[in-house]
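Structure first, commentary second.
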Amino acid sequence: MTENTDNIITCHSEGWKRVIIKIGSALLIDKDNGQLRVGWLKGIARDVAFLRERGYQVILVSSGSIGLGRRILNLSMSKKLEENQAAAAVGQIELATAYRTILGKQNIPMAQILLTYGDTEERRRYLNARNTINRLLELNVVPMINENDTVATDEVRYGDNDRLAARVASMCEADCLFLLSDIDGLYTADPNHNASAILIDEVEQITSDIEAMAGDPVSTGFGSGGMITKIAAAKIAVASGCNMVITNGTAHSPVQEYFNGAKGTWFHASGNPLAAKKKWIGASLDISGELIIDDGAVTALMSGKSLLPAGIVRVEGSFERGDTIRIMTINGNIIGQGLIAYNAQDTVSLMGHRSHEIEQILGYSGRDEIIHRNDLVIN
């Protein structure tokens, strides 16, 4: 770790494609009256516009639905599950409307996506969520993601959006995750109780010493988690190749402030998102099936292309979409493995056919590739 760096983000942002901003309830909602802080949210909209002008795709992960819903329903803060679920159902409408209105004034289209723990942890639901988010980004839409508190239970939920944001960063191969906080970043001790606490500008590796600096979990009226959940989020993000920043979100347009040199703690990613993903695919020992491909397909894969259905000559095994499949030559040589876009039955149906025939054969339009090159590791 280091304690003094000149504008870290300028050195590392070249080549970025996707950025995620995580917004907590404590920043979004006025603790005195329970109202949405509209002026502050307008600053976030300016941040989104700023990032898009730099060529980045932007995803928002926002808390706030329970707090807003409780105000509308005139409910005091409580941990009762059914009350929080009811409040979330009401507050989600309020939250989405606010984002749509404020982003709309910047001519930025947005969409709301509600995720549960299972959507990021169960492979097929993970793929469905990822594909939806990717398609929205391709359509120049900003997805606004929140945990689906109307159906999530205490036993199966994130409970804080820091870790949800990190899992979304991993899912979408983001380059940087901004966690907006009420302090400048990670300190060597709690700066509210220790005047000698020092801000850590950079963290190259999350060690036990770094984790110890996070202290204990915190739960306040409109927020939950504290620094300890942010460090947990950092471990998820950096392992997937995503840089992460903890910075003070109380300023107007805090992302721009950080780009302009404001304080924060930068967590270095271990590699880039695609490299991290391919490392995970290549290390998978849970092989669900095999595809035997012709010589033309072998040549295509070795030159960095995707696997198309026309190059498949045989399908072995029973597998589902998203499973890890081994790829072999006609002579029985293993050339790689990857995540397949179709189940075994559909793959057999598509075997040897052209991609433009997929809709006619299956009755729906899926991906052109059986295994996309980004989901493929060649030995």
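All residue numbers for the sequence shown refer to the working numbering, where the first residue is 63 and numbers rise by one.
Even glycine gets a Cβ: it sits at the ideal position worked out from N, Cα and C.
Model, not experiment: these values are computed from the prediction.
Does DSSP classify V218 as helix, strand or coil?
Numbered from its first residue, the sequence shown carries residue 218 at position 156. A caution first: V218 carries a pLDDT of 42, below 50, which makes its placement in the model unreliable, though a value can still be read off. Correct three-state label for V218: coil.
With DSSP collapsed to three states, give me the class of V307.
Mapped onto the sequence shown, residue 307 falls at position 245. Looking at V307 - three-state DSSP - the assignment turns out to be strand.
V410 by DSSP, collapsed to three states: which one?
Along the sequence shown, one-based indexing puts residue 410 at 348. It is helical.
Can at least three beta-carbon pairs, one atom from the stretch 384-398 and one from the stretch 346-357, be found at a separation below 8 Å?
Taking 8 Å as the limit for Cβ pairs, the verdict is that the stretch 346-357 does touch the stretch 384-398.
How long is the line joining the alpha carbons of S243 and E145, rounded to whole angstroms?
Indexing the sequence shown from 1 puts residue 243 at position 181. Indexing the sequence shown from 1 puts residue 145 at position 83. C-alpha separation (whole angstroms): 26 Å.
Using the three-state DSSP reduction, which class does W328 fall into: helix, strand or coil?
Here the question's residue 328 lines up with position 266 in the sequence shown. In the structure shown, W328 sits in a strand (DSSP, three-state: E or B).
Going by beta carbon distance, what residues of the same chain come within less than 8 Å of E217, once the five residues before and after it are set aside?
Counting from 1 along the sequence shown, the entry for residue 217 is found at position 155. Caution applies to E217, whose pLDDT of 43 falls short of 50 and renders its modelled position unreliable; the value that the coordinates give is listed next. Excluding residues within five positions, none has a Cβ falling inside 8 Å.
Am I right that G373 and A362 are in contact with their C-beta atoms under 8 Å? What's the rounded C-beta distance?
Residue mapping note: residue 373 aligns to position 311 of the sequence shown, counting from 1. Residue mapping note: residue 362 aligns to position 300 of the sequence shown, counting from 1. Right, the Cβ-Cβ distance comes to about 7 Å (below 8 Å), so this counts as a contact.
Please state whether DSSP places E76 in a helix, a strand or coil.
Here residue 76 refers to the residue found at position 14 of the sequence shown. Looking at E76 - three-state DSSP - the assignment turns out to be coil, as it is neither helix nor strand.
Once DSSP output is grouped into helix, strand and coil, what is the label at V439?
For the purposes of this step, residue 439 is identified with residue 377 of the sequence shown, where counting begins at 1. Three-state result, V439: strand.
In this structure, does DSSP put T391 in helix, strand or coil?
Within the sequence shown, numbered from 1, the residue matching residue 391 stands at position 329. Of the three classes helix, strand and coil, the one that applies to T391 here is strand, per DSSP.
If we ignore side chains and look at the alpha-carbon of each, how far apart do G126 and G180 end up?
The residue you call residue 126 lines up with position 64 of the sequence shown. The residue you call residue 180 lines up with position 118 of the sequence shown. Cα to Cα, the separation comes out at about 21 Å.
Between which two residues does the beta strand (DSSP E) carrying G400 extend?
Numbered from its first residue, the sequence shown carries residue 400 at position 338. Looking at the DSSP string, the run of the beta strand (DSSP E) that includes G400 is I396 to L401.
List, from N- to C-terminal side, the alpha helix (DSSP H) runs of 4 residues or more that fit wholly inside the stretch 93-180.
You should have 100-115, 127-135 and 143-166.
Tell whether a beta-carbon distance below 8 Å holds between D211 and A150.
In the sequence shown, counting from the first residue as 1, residue 211 sits at position 149. In the sequence shown, counting from the first residue as 1, residue 150 sits at position 88. In this structure, A150 lies closer than 8 Å to D211 by Cβ.
Could you check if G303 is buried or exposed, using at least 16 other CB atoms within 10 Å of its CB as the buried criterion?
Position 241 of the sequence shown, counted from the start, is the residue given in the question as residue 303. Answer is buried; the Cβ neighbour count reaches 16.
Using only the alpha-carbon positions, how far apart do L135 and S87 sit?
If you number the sequence shown from 1, residue 135 lands on position 73. If you number the sequence shown from 1, residue 87 lands on position 25. Cα to Cα, L135 sits roughly 17 Å from S87.
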